[in-house]
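Going by our numbering, the first residue of the sequence shown is number 595, and it counts up by one from there. The beta carbon of each residue, even a glycine, is placed where N, CA and C say it ideally should be. None of these values were measured; they are calculated from a predicted model. Right, one structure below, let's go through it.
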Amino acid sequence: MPPWAAWAGLAVLLLFLLGVRWAGALLEGPGARGLAGPSTGLALPQAAGEAGPVLALQADGGGAVEVAQALSWWADPTGQADAAPLLGPQAPAWRPARGVVSLGYQDGPVWLRLRLLRDAEAPAVWWLKLPRGYLDEVRLLHVRPGGQWEPERVAGDRVAPQGALPLAVPSFELLLDEPGVHVLLLRVQSRSALSLPVTLLPRDRGLAALGAAQLLAGAVTGASLLLVVGALLGFAGLRARVYLLFAAFVAVDGLVWLGVSGSLQHLLPLGPPWADRLVAVGVPISAALGLLMQWIVYGAHRDFPGMWRAGMAMGGLFLGLALLQALEPAFNPTPWVMHALLAGALLSGALGGMATWRQRGVMRGLALLMGLSSALTALNAVVLLGWWPVSALSEASFALSHLSLVVVAVAHLVVRAVESHRQRQQAEARAAQAEQRRESEQRLREEKSDLLAMIAHEVRTPLAVIDASMQSLAVLDAEMPRERARRHERIGRALQRLGSLLDLVVQRDRLDVSQWSQDLELLAPQALAAALLADLGEDAQHRVSLHAEDALPPVRGDARMLRLALSNLVGNALKYSPAGRPVGLFVRRLDWPGRPGVAWTVVDQGAGIHPEDHEKVFRKYYRAAEGSDAPGLGLGLYLVRQIAERHAGAVRVLPTVAGQGASLELWVPLQPPAAAVAPPEAAA
């Protein structure tokens, strides 16, 4: 099975589990409370003059009842209002809900009023739920048709009374056994957003919903763990930090969900306050990680550096809010978080619009989906702030935004994994091709070396004949004139020089100088220069003048290499100087750079070298414009530099007056480092 198929199967599984989470969030909503059972207690005086819309409960309803038509609300600015006056003649003006009551963030409590009339055939036991688990306090007052007030019941303390069922949201069991109008008063207070949908359903339907909620909690926890483990495995395999970021996002987001769904309050032994504190800290951290994930998918760090810096500042704001909440529990950052989240969502949406046009293929689809996540996040924020009425879409916006974000993150990680696998295959293919080229070049070098060795062998045969003839002539002409003897010596030196050059030709595969073998010995710098001049013709000998310092220390080097380097320097000076003009060869001690050494400097009287060409003349096959008419291949100075570097030395063009000749200097240390003189086999 190809790797992409395995990743695709994992993505389908993750999407299924996330779909379970989304569906459950729509059906149940976040929160954690106990179901407070009916009880008896103190009777309160009956309120007269009660009026308002009444919700009739029918026998054939079967499911949840829409209560918005009979629901009204009143915000208590002081928090000191008693329940009885709220239903009397001096009652405040109740406002019809016309849907879900959404008031944003309020300092004081909010009262909800609901009037119910049960049909004779309708069930007598009902469940009243507020599917918001983050409400700090929810109290219920039930006024029966005869005017009797049942004792106040509390679900907001999150401590289920004896015999209560562990529901995930504030819930109350209602006994509507008497005929007539039942009045319910709910007092709700919270530091979080007051978005208060009220759900009323028969008790048997509530039991079915309880099982679904418990199944959902387990499924979401398992999905979160699976995502975290998958991301950590992805990081271990690909070493990409984005996997760690995704694992942290899923872990924190899962912690927040467990907190608002009620599971965390039951899991922590320290009690609900600590769970609330962890959730308050986790919300801004989750927002920061979510925004960072979005912008990484967009490629903001690469394409939009300005917005990336703005995003980093916003992430710092979220983390600062989380730190304040962790250090000071009394600090309530939720309104600030909502405002920052709204700004971040709008900014990410704008960024996503720009990124959509820059992306191609799958990444364009991910950018579009990310823009949808930003829009849903903004919608959820404005609803929680009370700036927009609650609707089915707004109720689902939180779950859908997180679902889309996780889907994009998973898809992005899958794309990254597939791309990494493809790049690894391409790298392996390039490595195999490079190895094939290396082997082919090695074979070519060996064949070239064999050919050069064969040619050198064939050339040595006539050289040996010439050398033998010269020796025979010397024996036959025992009393030859001095001039003839000098010519014989010159011919012998020329034969010796040609033999040395043949030795280098035999090692042509090492003529990258780094591959040359070195015969290191102590050499006298002045004698090396004098031997070179002795090999030159009479005309050259008359033109080249040798100037050497006294008592020069010996250098350790290869005589053949250094002689070849000096021969190229002097030969170039003679070639590029006007006919008959002198050339100077200076030998002196020079410590450079900070090491003792010897320098040979060749000064001619030619056209000189332009400053722009001071480095270029040492390139292979390069010829300066000033000497383009002279014969040559442009290899002489290149070999000089290679020889100098092989001896841990250097060659350079010294500055001169334009048009008044060139000055080139070869510097070699007295004792080259071991690494510089090691043969290729040892260096490898």
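Sequence-distant partners of A1242 (beyond 5 residues in either direction) whose C-beta falls short of 6 Å from its own C-beta, in its chain, are P1263, P1266, P1267 and A1270. Just so you know, the alpha carbons of L821 and F829 end up roughly 12 Å apart. Annotation: the continuous beta strand (DSSP E) that includes G1191 extends over G1191 to V1197. Short of 7 Å from the beta carbon of V1234, and not among the five residues preceding or following it, lie these beta carbons of its own chain, in chain order: A1159, N1162, L1163, V1245 and L1260.
Per DSSP, K1169 lies in no beta strand (DSSP E); the unbroken alpha helix (DSSP H) holding it starts and ends at A1153 to Y1170. Counting only runs of 3 or more residues that sit fully inside the stretch 779 to 843, the beta strand (DSSP E) segments are 793 to 796, in chain order.
In this structure, the CA atom of A716 is about 47 Å from the CA atom of G965.
In the same chain as A1088, and ignoring 5 residues on each side of it, the C-beta atoms closer than 8 Å to its own belong to D1129, in chain order. The Cβ atoms of V984 and V977 lie closer than 8 Å to each other. V1177 places its beta carbon 8 Å or farther from that of P1119.
Nearest to R692 by alpha-carbon distance, out of D730, H776, G741 and L790, is L790.
For V777 against R689, the beta-carbon gap comes to about 17 Å, at or over 8 Å, which does not count as contact.
The Cβ atoms of L999 and M887 sit closer than 8 Å to each other.
As the crow flies, the alpha-carbon of P1148 is around 34 Å from that of A1201. Straight-line spacing of the CA atoms in E1132 and V1197 works out to 19 Å.
Residue pairing by DSSP places P745 in no beta bridge whatsoever. Distance check between H1082 and each of L1092, R1213 and D1061 places D1061 closest, using alpha-carbon atoms only.
Taking a C-beta distance under 8 Å as the contact criterion, W705 and W743 do not qualify as a contact pair. The stretch 763 to 783 and the stretch 731 to 739 touch, with three or more beta-carbon pairs separated by less than 8 Å.
In the three-state reduction of the DSSP assignment, K1214 falls in the coil class.
Look at the stretch 967 to 999 and you find no whole run of beta strand (DSSP E) that is 3 residues long or longer. About 7 Å separates the beta carbon of L680 from that of L779, a gap short enough to meet the 8 Å contact definition.
Fully contained in the stretch 994 to 1061 is no beta strand (DSSP E) run of length 3 or more. A buried status is given to G909, since no fewer than 16 other beta-carbon atoms sit within 10 Å of its beta-carbon. Counting along the chain, the unbroken beta strand (DSSP E) around P1263 starts and ends at S1257 to P1263. Here A1088 carries a helix assignment [DSSP, helix/strand/coil].
Put simply, the backbone Cα of D670 is about 13 Å away from that of L788. By the neighbour-count criterion, in which 16 or more other beta carbons inside 10 Å mark a residue as buried, P878 falls on the buried side.
In the three-state reduction of the DSSP assignment, F766 falls in the strand class, which pools E and B. In this structure, DSSP gives L1126 a helical state, which the three-state scheme calls helix. In this structure, the CA atom of G905 is about 21 Å from the CA atom of A874. In the DSSP annotation of this structure, the continuous segment of the beta strand (DSSP E) that includes H736 starts and ends at E731 to V737. In the three-state reduction of the DSSP assignment, V1177 falls in the strand class. As the crow flies, the alpha-carbon of V1004 is around 15 Å from that of L885.
For R1240, the uninterrupted alpha helix (DSSP H) run begins and ends at G1230 to R1240, by DSSP.
Distances from the alpha-carbon of L962 to those of G980, A972, S942 and W981 put S942 closest.
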